[in-house]
Amino acid sequence: MKRKEVQLRVMELQTRLRQASTRRSRVADEETKILLAKVRRLEEEQAILWRRWSSLRWVREGEASSKFFFSLLKAKHAKEEIMCLTTDEGQKIEEETTIMQELHQFYTNLYHQDAVSAEDTQLRKKTLALIDKKVSVQQNEMLIAVSGPLEIMQVVSKLKNDKAPGIDGMTAEFLNELWMMEEKEINEFVLQFWNTDTLSWKKRIGVIKLIPKSGDRQKLKNWRPLTLLNTGYKLGRRIANTILNFLTCKELAERTQ
Numbered sequence: 003m004k005r006k007e008v009q010l011r012v013m014e015l016q017t018r019l020r021q022a023s024t025r026r027s028r029v030a031d032e033e034t035k036i037l038l039a040k041v042r043r044l045e046e047e048q049a050i051l052w053r054r055w056s057s058l059r060w061v062r063e064g065e066a067s068s069k070f071f072f073s074l075l076k077a078k079h080a081k082e083e084i085m086c087l088t089t090d091e092g093q094k095i096e097e098e099t100t101i102m103q104e105l106h107q108f109y110t111n112l113y114h115q116d117a118v119s120a121e122d123t124q125l126r127k128k129t130l131a132l133i134d135k136k137v138s139v140q141q142n143e144m145l146i147a148v149s150g151p152l153e154i155m156q157v158v159s160k161l162k163n164d165k166a167p168g169i170d171g172m173t174a175e176f177l178n179e180l181w182m183m184e185e186k187e188i189n190e191f192v193l194q195f196w197n198t199d200t201l202s203w204k205k206r207i208g209v210i211k212l213i214p215k216s217g218d219r220q221k222l223k224n225w226r227p228l229t230l231l232n233t234g235y236k237l238g239r240r241i242a243n244t245i246l247n248f249l250t251c252k253e254l255a256e257r258t259q
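So this is what it looks like as structure tokens:
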């Protein structure tokens with residue numbers, strides 16, 4: 003059932019509930035109990051739907067949904083909605099398609115990759131040539147070795163909570179709570195990633211969320227882009243970082259001895 007349908011159904015049942023509560027009879031009491039159960043069930047469904055649109059902790063901690071919360075969330079999303087933009091030329095645009103085109107062009111220009119010049123390439127080679135410490139064969143074997151189930155579980159347990167998910171919809175809380183059920187699939191994912199040295203585009207893609215900053219919100223420079231990454235990508239990156247940090251700390255410890 004969609005969110006709008008759930009809301010309408012809850013309102014309908016609440017109206018019937020008030021009508022049943024005004025009648026003083028045994029039949030009315032039974033009808034009231036049935037309607038109360040239906041309202042609670044639909045409110046739970048509604049809370050689940052709203053949870054997808056909120057990063058607040060109230061649902062996870064078991065707080066009750068309320069009219070105040072829904073009003074707060076609606077106001078929050080209204081503030082983050084771009085209804086009008088002012089271009090660098092001073093032109094105001096309000097059509098959704100034109101706004102999307104302006105967004106795409108603005109952030110394409112902002113984050114485009116500059117070509118690497120020949121001078122930069124030579125400078126990089128000279129800088130790397132000055133490094134006398136090389137990765138040993140043993141260290142290289144540690145870097146490319148496949149992580150075991152225990153290592154993967156430890157990395158999953160250290161993923162940060164209360165983070166908005168990417169398009170995969172998974173969070174650190176989800177993986178930790180359902181680890182016993184998802185352990186096999188996660189281990190297979192890490193094994194495939196490590197052996198092939200590749201991630202599918204679905205795992206690598208990020209969703210850009212615009213967060214308003216202070217200033218005129220009709221100007222794109224006053225919106226901060228936040229990329230929501232998939233938890234699978236975060237997991238692979240965290241495993242690689244864990245190995246690199248271990249080798250780095252080990253190297254520093256050996257040099258200070």
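In the working numbering, each residue carries its 1-based index in the sequence shown increased by 2. Just so it is clear, CB atoms sit at the ideal spot from N, CA and C, and this is done for glycine as well.
Check	Outcome
Option in N232, V209, K186, R226 with minimal Cα separation from T173	N232
Beta-carbon proximity check, R226 vs I207, cutoff 8 Å	no
Sequence-distant residues of its chain with Cβ nearer than 7 Å to V157 (five each side left out)	L237, R240, I241, T244
Three-state secondary structure (DSSP) of T173	coil
Cutoff 7 Å; reference L246; Cβ partners in own chain excluding five residues on either side	none
C-alpha gap between L285 and G217, whole angstroms	Limits of the chain in this structure are 3 at one end and 259 at the other, which puts residue 285 out of reach.
The beta strand (DSSP E) enclosing L228, as first and last residue numbers	225-230
C-alpha gap between M155 and N178, whole angstroms	9 Å
Given G168 as reference, the closest of D90, D122, W203, R126 once Cα atoms are compared	W203
Proximity of L105 and I95 at Cβ, strictly below 8 Å	no
Close beta carbons around K160, own chain, < 8 Å, minus the five adjacent residues each side	R240
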